[in-house]
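Q:
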Amino acid sequence: MRSPESDHHILRLAKEVITAPSLISIPGPFLARFTRLWYFNRVLSGNFDKENLDLHKKYGPIVRLSPGHYSISKKADVKTVYGAGSRFTKAAWYDAFKEPSPHNWSVFTDRDNKRHSETRRKFSSLYSMSSLLHYEGFVDASASIFMERLNEFAQKEETIDFHHWLQCYAFDVIGQITFGQRFGFLNKGEDIMGAISTVRQILVFSCLAGIYVEWYPLLYKLMNSLPGSGPRGLLFIINFVVDKVRQLNEKRIQGGENPSETTIPKTQDFMERMAVARDENPAKITDYHLQMMGNSNVIAGSDTTAITLSAIMYYLLRTPHVHCRLRREIDEFTSQNRCSERITFKESQEMPYLQAVIREALRMHTATGLPLWREVPSGGAEINGYFIPQGSAIGINTWVAHYDEEFFPDAKSFIPERWIEGITDAEQLRKMNEMYMPFGLGGRTCLGKHISTLEIYKLIPQLIRDFDFELENQTWTTENLWFVKPMDFRVKVLLRKQE
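So the numbering used here is basically just the index in the sequence shown, starting at one, shifted up by 1365.
1. So what does DSSP say about N1469, is it helix, strand or coil?
2. If you count every other CB in all the chains shown that lies within 10 Å of the CB of M1852, and 16 or more means buried, which is it?
3. Cα-Cα, which of A1640, V1472, T1733, L1591 is closest to C1572?
4. Between the region 1748-1765 and the region 1427-1440, do three or more beta carbon pairs fall short of 8 Å?
5. Taking the alpha-carbon of G1593 as reference, which of G1666, M1636, F1832, A1560 has the nearest alpha-carbon?
6. Tell me, to the nearest whole angstrom, how far the beta carbon of E1712 is from that of R1703; I am working on the premise that it is less than 8 Å.
7. From F1773 to V1687, what does the alpha carbon distance come to, in whole angstroms?
8. Among the candidates L1806, N1516, F1511, whose CA atom is the shortest distance from the CA of A1535?
9. Rounded to whole angstroms, what's the CA-CA distance from S1431 to A1508? Just pull it up for me.
10. CB of T1400 to nearest heavy atom of the ligand ZN: below 7 Å?
11. Pick out the complete beta strand (DSSP E) segments inside the region 1746-1805, 3 residues or longer, and give them in chain order.
12. Alpha carbon to alpha carbon, how far is M1558 from Q1827?
13. Using the three-state DSSP reduction, which class does T1524 fall into: helix, strand or coil?
14. For R1643, collect the residues of the same chain with a Cβ closer than 6 Å to its Cβ; drop the 5 residues on either side in sequence, then sort them by chain order.
15. When burial is assigned at 16 or more other CB atoms within 10 Å of the CB, is E1740 buried or exposed?
16. So, for E1820: in the same chain, excluding its five sequence neighbours on each side, which residues have a beta-carbon less than 7 Å away from its beta-carbon?
17. Quick check: the Cα distance between R1683 and T1840, rounded to an integer number of angstroms?
18. Count the other CB atoms, across all protein chains shown, that sit within 10 Å of the CB of D1477; report buried if there are 16 or more and exposed otherwise.
19. For I1576, which option in K1422, T1445, L1402, E1706 has the closest C-alpha, if you only look at C-alpha atoms?
20. What whole-angstrom Cβ distance do I1695 and R1830 have, given they're in contact under 8 Å?
21. The beta strand (DSSP E) with E1844 in it runs from where to where?
22. Quick check: what's the CA-CA separation for Y1680 versus P1467?
23. Taking only the alpha-carbon atoms, compute the straight-line gap between M1366 and G1813 and give it to the nearest angstrom.
24. So, are the CB atoms of F1601 and T1543 less than 8 Å apart?
25. Between which two residues does the beta strand (DSSP E) carrying S1436 extend?
26. Using beta-carbon positions only, say whether Y1718 and P1781 come within less than 8 Å of one another.
Following this line, the structure appears as structure tokens:
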């Protein structure tokens, strides 16, 4: 028997369906009314971060990208879709970032909100900033080697692909944090085991295949045998991490460790910490959890950090007065003995202008460049005056949020001062924070954001303090296939001139 409340809910939804404008009236490109091919082609072009902005300028706060896919921009709609208590789950598009089986899932791809919350609770302490500070020595080890390489380039005043070397740094750091050893990218700048190209293959295949996600299992099966394909790349990473877990288990057995007596020293890596948690509670944490979290660290933990590091340096080098002010702050801290030779995370957190620079670079160039798709729940939802039926995909692109002039005046300009309280009024700062989402939104905020933050805040002040860089091109080109990756970020490395 239905309750009066459920009857009222059904009547309200029926009224919304009747009174709301029809789906066909949602504005957007003509071809997007009939086929997903239009959106597929625009994503394939690699510039959808910018195109999505133009679409909203032309059509307004809600834009049809294909039948059943709608891009949004209004704060009220963002709150409905991503806010606390939202019933909108991740859309089916995310299924294309995992093996096509209901038994395979990860924190990133999981569409089950309950299971996702349970998983986050299990591992959030391992990703917390207080926990990650124990990994600071791992970051320093890779940063030291990176500085050696930069010194070598500076001696020759050599021009390098800066993004590539920042990705080498990020890959080696994530290797040390996750597995206790560097991959070795920084030794010669080589793509060890083809990992950089492998991650790209996964992203290209998954972000496109997810648009036709009902075909994904077949596409995965067909392409799994092709060298250089996304499925082969995903399988390579999975097998690599599975082997690392096997080695870890053998090491623990050979070492005769008693799980009940195992403690966590400061130098213990991420997988060892997870193994301790597993051995203490094997009913809740399994080898699959170790493999799943290891996969996520490797696939997402290098590219996104390297992109952010590149964006910070790019905007600093294009904005000399900002670069000078940041260097002045770092020099002042150094002269006051408030900066170590290897700047600590704690020391970097005391630099207000550094924090403003990083926040502004993250706003202007967020690593992800496609809508954060969510599925409309049972019963549908009213979005911007339109009734959107259940099963539709709806979402906001972070670039659309971060370039909204209502929240970020003069949004195309790199202005770190906008984040400094006292220069910006409190109300404006509150508004900006509400639409600031470089690591996602709500309960699906990136679990690994503190790993990235640790790497960024330690490296940037050292680069600014110790080196000069000259841009080869004042404007770079990017490729957006889920991650918005710089393609021609070349700089000449110089030893810092004495001032």
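From the three backbone atoms N, C-alpha and C, an ideal C-beta is built for every residue, glycine too.
A: Here's the rundown:
1. By one-based count along the sequence shown, residue 1469 stands at place 104. Here N1469 sits in coil by DSSP.
2. Indexing the sequence shown from 1 puts residue 1852 at position 487. With fewer than 16 other Cβ atoms within 10 Å, it is exposed.
3. Position 207 of the sequence shown, counted from the first residue, corresponds to residue 1572. Residue T1733 is the option with its Cα nearest to C1572.
4. yes
5. The residue you call residue 1593 lines up with position 228 of the sequence shown. The option with the nearest alpha carbon to G1593 is A1560.
6. The count along the sequence shown starts at 1 and reaches residue 1712 at position 347. The count along the sequence shown starts at 1 and reaches residue 1703 at position 338. Yes, E1712 and R1703 are in contact; Cβ-Cβ is about 6 Å, under 8 Å.
7. Within the sequence shown, numbered from 1, the residue matching residue 1773 stands at position 408. Within the sequence shown, numbered from 1, the residue matching residue 1687 stands at position 322. Roughly 18 Å between the two C-alpha positions.
8. Locating residue 1535 in the sequence shown gives position 170, where the first residue counts as 1. Ranking the options by Cα distance to A1535, first place goes to F1511.
9. Locating residue 1431 in the sequence shown gives position 66, counting from the first residue. Locating residue 1508 in the sequence shown gives position 143, counting from the first residue. When rounded, the distance between both Cα atoms is 45 Å.
10. This structure lacks the ligand ZN, and indeed carries no ligand of any kind.
11. Here the runs fully enclosed are 1746-1748, 1751-1753, 1758-1760.
12. To locate residue 1558, count along the sequence shown from 1; it is residue 193. To locate residue 1827, count along the sequence shown from 1; it is residue 462. Between the C-alpha atoms of M1558 and Q1827 there is a straight-line separation of about 29 Å.
13. Locating residue 1524 in the sequence shown gives position 159, counting from the first residue. Here T1524 sits in strand by DSSP.
14. Mapped onto the sequence shown, residue 1643 falls at position 278. Excluding positions up to five away in sequence, the list reads I1650.
15. Residue mapping note: residue 1740 aligns to position 375 of the sequence shown, counting from 1. E1740 is buried by the Cβ-count criterion.
16. As a position in the sequence shown, residue 1820 is number 455, starting the count at 1. The residues are V1504, A1535, V1538, T1670.
17. As a first step, residue 1683 must be located in the sequence shown, where it is residue number 318. As a first step, residue 1840 must be located in the sequence shown, where it is residue number 475. Cα-Cα distance, rounded: 9 Å.
18. Locating residue 1477 in the sequence shown gives position 112, counting from the first residue. Classification for D1477: exposed.
19. By 1-based counting over the sequence shown, the position of residue 1576 is 211. When only C-alpha atoms are compared, the closest one is L1402.
20. Stepping through the sequence shown from its first residue, residue 1695 is reached at position 330. Stepping through the sequence shown from its first residue, residue 1830 is reached at position 465. With a contact defined as Cβ atoms closer than 8 Å, I1695 and R1830 qualify at about 5 Å.
21. On the sequence shown, residue 1844 is found 479 positions in, with the first residue counted as 1. For E1844, the enclosing beta strand (DSSP E) stretches over residues 1843-1846.
22. As a working mapping, residue 1680 is identified with position 315 in the sequence shown. As a working mapping, residue 1467 is identified with position 102 in the sequence shown. Their Cα atoms are separated by approximately 42 Å.
23. Locating residue 1366 in the sequence shown gives position 1, where the first residue counts as 1. Locating residue 1813 in the sequence shown gives position 448, where the first residue counts as 1. Its pLDDT being 48, under 50, M1366 is placed unreliably by the model, and nothing is read from it.
24. Position 236 of the sequence shown holds residue 1601. Position 178 of the sequence shown holds residue 1543. Cβ atoms of F1601 and T1543: not closer than 8 Å.
25. Translated into positions along the sequence shown, residue 1436 becomes position 71. Per DSSP, S1436 belongs to the beta strand (DSSP E) from 1434-1437.
26. Mapped onto the sequence shown, residue 1718 falls at position 353. Mapped onto the sequence shown, residue 1781 falls at position 416. Closer than 8 Å, so yes.
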